[in-house]
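Undergrad:
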Amino acid sequence: MAVEAATQPSKVRWGELEEDDGEDLDFLLPPKQVIGPNENGIKKVVEYKFNDEGNKVKITTSIRIRKLANARLSKHAVERRSWPKFGDAVHEDVGSRLTMVSTEEILLERPRAAGTKPEEAKAAGDPLAQIGKGGAALMVCRTCGKKGEHWTSRCPYKDLAQPIESFIDRPPSSETTATATGATKGAYVPPSMRGGGAERVGTDMRRRNEENSVRVTNLSEDTREPDLHELFRPFGSVSRVYVAVDQKTGMSRGFGFVNFVNREDAERAINKLNGYGYDNLILRVEWAAPRSN
DNA sequence: CTTGAGCGG
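Listed below in structure tokens is the structure:
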């Protein structure tokens, strides 16, 4: 039994199963044939079918071979298409595929794509739109009390585990050595405050490191942040990856930024990856200028 | 051709 089962051709694949379970007389029809493609990339497929009345009909289809978006199909590639089949394809019917084409719908995620229009909320007369026009004076940091310099979230002291009062009127360059040692006994001491790490806090170390920022241009349209991360990670620890995306269409704008924790890593990445071929394009990788705000 | 979004009391 097992032998017999093994010798069954069982060539039927799920993608080719007949939809209708009426009697299948297709074997009476002449085989499908493919002509071409010619040098213009036009391919003709001639096949025969029974129509609903049971009459034999001939169907001729002309197909232009799909061209890649940016590449011209070379003459050699066109010529190769008319080669006789070899390998596994020899045993396949004319025109059948060795690889199945999935018809499954794949929904692409475009989080900020068309739909929400924040501009509309700013219709004339909207009181909320007026706030913030001359609102610079309202900008008072809740952590250090400074006015007009930064918001709370950008405060250089915001990560220090100390009472707010101790920072008022005290610039970052002055002594911040009063650390957790002076704090309440048993209080939690964040790692950044332990073992004399206090000197780093309040300097640029604690700030968002826009410093080691690398600009990457000439990215292909479908390069996303995970791709960029994968590409740059080998050079050192990456703190941020950003790919500019068109808000309306959700399409990549073809450039992005990568931030490294260590400047040396960024430099090595620039040296290695600038001019690197990626997705059929030549990457430009260089130091990013500070963002204009 | 191509230097970022977001959160504002």
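Residue numbers for the first sequence follow UniProt numbering, so the first one is 1 and each next one is one higher. Even for Gly, the Cβ is constructed at its ideal location relative to N, Cα and C. In this text, all values refer to a predicted model and were calculated from it rather than measured experimentally.
How many Å lie between residue 92 and residue 76 at the Cα?
TA: Whole-angstrom Cα-Cα distance: 24 Å.
Undergrad: Sorted by chain position, which residues of the same chain lie with C-beta nearer than 8 Å to residue 48's C-beta, five sequence neighbours on each side aside?
TA: Once the five neighbours on either side are set aside, the close Cβ partners of residue 48 are 29, 30, 32, 56, 57, 58 and 59.
Undergrad: Report the CB separation of residue 245 from residue 251 in whole angstroms; it is logged as a contact under 8 Å.
TA: Going by Cβ atoms, the distance from residue 245 to residue 251 rounds to 7 Å, so yes, they are a contact pair.
Undergrad: Pop quiz: residue 260 and residue 239 are said to be a contact at Cβ under 8 Å. What is the actual Cβ separation, rounded to whole angstroms?
TA: Contact holds; Cβ gap of about 7 Å.
Undergrad: Would you call the CB atoms of residue 63 and residue 37 closer than 9 Å?
TA: Yes, they are a contact pair.
Undergrad: Return the chain-ordered list of same chain residues with a C-beta closer than 6 Å to the C-beta of residue 142, the five sequence neighbours on each side being excluded.
TA: For residue 142, where only same-chain residues beyond five positions count, the Cβ hits under 6 Å are 152.
Undergrad: Here's the rule: buried if 16 or more other CB atoms are within 10 angstroms of the residue's CB, otherwise exposed. What is residue 249?
TA: The residue in question, residue 249, is exposed, as its Cβ has fewer than 16 Cβ neighbours within 10 Å.
Undergrad: Restricting to Cα atoms, I'd like to know which of 214, 45, 42 and 218 is closest to residue 235.
TA: The candidate whose alpha carbon is nearest that of residue 235 is 214.
Undergrad: Closest to residue 34 by C-alpha separation, out of 45, 26 and 263, would be which residue?
TA: Taking only the C-alpha atoms, the option nearest residue 34 is 45.
Undergrad: Report yes if the CB atom of residue 140 is closer than 9 Å to the CB atom of residue 216, and no otherwise.
TA: Not a contact, by the Cβ cut-off of 9 Å.
Undergrad: Going by DSSP in three states, residue 212 sits in which element: helix, strand or coil?
TA: The answer is coil: DSSP assigns residue 212 none of H, G, I, E or B.
Undergrad: Any heavy atom of the ligand HEM closer than 8 Å to the beta-carbon of residue 52?
TA: In the structure shown, the ligand HEM is absent, as is every other ligand, since no ligand is present at all.
Undergrad: Is the beta carbon of residue 290 closer than 9 Å to that of residue 210?
TA: Contact flag set, yes.
Undergrad: In whole angstroms, give me the CA-to-CA distance for residue 282 and residue 262.
TA: Cα-Cα distance, rounded: 25 Å.
Undergrad: Indicate the three-state DSSP secondary structure (helix, strand or coil) for residue 264 in the structure shown.
TA: The answer is helix: DSSP assigns residue 264 an H, G or I state.
Undergrad: To the nearest angstrom, how far is it from the Cα of residue 288 to the Cα of residue 104?
TA: Distance between the alpha carbons of residue 288 and residue 104 is about 41 Å.
Undergrad: Between which two residues does the alpha helix (DSSP H) holding residue 232 run?
TA: It spans 225-232 - the alpha helix (DSSP H) in which residue 232 sits, taken as one unbroken run.
Undergrad: On the three-state DSSP scale, how would you describe residue 86?
TA: Coil.
Undergrad: Measuring alpha carbon to alpha carbon, tell me which of 224, 253 and 254 ends up nearest residue 241.
TA: The candidate whose alpha carbon is nearest that of residue 241 is 224.
Undergrad: Once the 5 residues before and after residue 269 are set aside, which same chain residues still bring their CB inside 8 Å of it?
TA: Cβ neighbours of residue 269 beyond the five flanking positions: 214, 232, 235, 236, 258, 260 and 285.
Undergrad: Report the option in 26, 218 and 82 whose CA atom is closest to the CA atom of residue 43.
TA: For the residues 26, 218 and 82, the minimum Cα distance to residue 43 belongs to 82.
Undergrad: Rounded to the nearest angstrom, what separates residue 71 and residue 50 at their Cα positions?
TA: Only weak support exists for where residue 71 lies, its pLDDT of 46 falling under 50; the value from the coordinates is given anyway. Whole-angstrom Cα-Cα distance: 40 Å.
Undergrad: Residue range of the beta strand (DSSP E) that residue 46 falls in?
TA: Unbroken beta strand (DSSP E) run through residue 46: 42-50.
Undergrad: What residue range is occupied by the uninterrupted beta strand (DSSP E) comprising residue 242?
TA: Taken as a continuous stretch (DSSP letters only), the beta strand (DSSP E) holding residue 242 covers 238-245.
Undergrad: Going by beta-carbon coordinates alone, are residue 220 and residue 280 separated by less than 9 Å?
TA: Closer than 9 Å, so yes.
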